[in-house]
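Right, one structure below, let's go through it.
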Amino acid sequence: MHNIKVLLVDDEREFSETLIKRMKKRNVDITGVRGGEEALQTLDQSPIDVVILDVRMPGMDGIETLRALKKRHPLIEVIMLTGHASVEVAVQGMEFGAFDYLMKPMQIDDLLYKIQDAHQQKIIQEQKIDNIKRMTSGRE
Numbered sequence: 064m065h066n067i068k069v070l071l072v073d074d075e076r077e078f079s080e081t082l083i084k085r086m087k088k089r090n091v092d093i094t095g096v097r098g099g100e101e102a103l104q105t106l107d108q109s110p111i112d113v114v115i116l117d118v119r120m121p122g123m124d125g126i127e128t129l130r131a132l133k134k135r136h137p138l139i140e141v142i143m144l145t146g147h148a149s150v151e152v153a154v155q156g157m158e159f160g161a162f163d164y165l166m167k168p169m170q171i172d173d174l175l176y177k178i179q180d181a182h183q184q185k186i187i188q189e190q191k192i193d194n195i196k197r198m199t200s201g202r203e
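Quick note on numbering: my numbering labels position 72 of the sequence shown as 135, and the sequence is numbered without any gaps.
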């Protein structure tokens, strides 16, 4: 898990700090930001594999952030976090390109498995693109 770069986007300070500590104990390379704008700035400056994105945030919410993120960085996989009241929003997020979603509070192992699966999906997509580039460059 230590070669997977993860970005946590959540405005709840206590939740974020606790989750980051728990993930770092499991050798996850994780960084946290408080909102959508900050997440987009971080993604523009640093390579990230998987984003864990809260649905409900003040300002730029999770769906807006997801849409902007996918436009700028289509290969980054996103796991949406949601409370009970916003499951339908998380499902909507999947329609906009999220990899999956989890209900808060979640088991840390469930999140770790989803991160691994999302990272594997990203690798598969990158390999497909590399293969297409090799095939098309060989024709010229």
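All C-beta atoms, glycine included, are put in the ideal place defined by N, C-alpha and C.
Compare the C-alpha of residue i against each of the options and name the closest.
{"i": "residue 91", "options": "166, 174, 120, 128", "result": "174"}
{"i": "residue 133", "options": "145, 180, 99", "result": "99"}
{"i": "residue 82", "options": "117, 109, 104", "result": "117"}
{"i": "residue 157", "options": "168, 171, 179, 128", "result": "128"}
{"i": "residue 143", "options": "136, 135, 137, 159", "result": "159"}
{"i": "residue 77", "options": "199, 181, 168", "result": "168"}
{"i": "residue 93", "options": "105, 131, 107, 70", "result": "70"}
From residue i to residue j, what does the alpha carbon distance come to, in whole angstroms?
{"i": "residue 150", "j": "residue 102", "result": "22 Å"}
{"i": "residue 198", "j": "residue 192", "result": "10 Å"}
{"i": "residue 187", "j": "residue 140", "result": "12 Å"}
{"i": "residue 170", "j": "residue 200", "result": "45 Å"}
{"i": "residue 135", "j": "residue 88", "result": "31 Å"}
{"i": "residue 126", "j": "residue 97", "result": "15 Å"}
{"i": "residue 162", "j": "residue 176", "result": "12 Å"}
{"i": "residue 172", "j": "residue 164", "result": "14 Å"}
Taking the Cβ atom as the reference point for each residue, do residue i and residue j lie within a distance shorter than 8 Å?
{"i": "residue 112", "j": "residue 84", "result": "no"}
{"i": "residue 109", "j": "residue 95", "result": "no"}
{"i": "residue 138", "j": "residue 196", "result": "no"}
{"i": "residue 166", "j": "residue 145", "result": "yes"}
{"i": "residue 115", "j": "residue 72", "result": "yes"}
Between residue i and the rest of its own chain, which residues show a CB-CB distance below 8 Å, the 5 nearest in sequence each way excluded?
{"i": "residue 75", "result": "117"}
{"i": "residue 106", "result": "70, 114, 132, 135, 136, 139"}
Residue i by DSSP, collapsed to three states: which one?
{"i": "residue 75", "result": "coil"}
{"i": "residue 99", "result": "helix"}
{"i": "residue 68", "result": "strand"}
Is residue i near the ligand ATP, going by C-beta to nearest heavy atom under 7 Å?
{"i": "residue 180", "result": "This structure lacks the ligand ATP; in fact it carries no ligand of any kind."}
Within the same chain, show all residues whose beta-carbon is closer than 7 Å to that of residue i, passing over the 5 residues directly before and after it, in chain order.
{"i": "residue 121", "result": "74"}
{"i": "residue 130", "result": "159"}
{"i": "residue 190", "result": "none"}
Whose C-beta lies closer than 6 Å to the C-beta of residue i among residues of the same chain, with five residues either side of it excluded?
{"i": "residue 152", "result": "118"}
{"i": "residue 182", "result": "67, 112, 113"}
{"i": "residue 86", "result": "93"}
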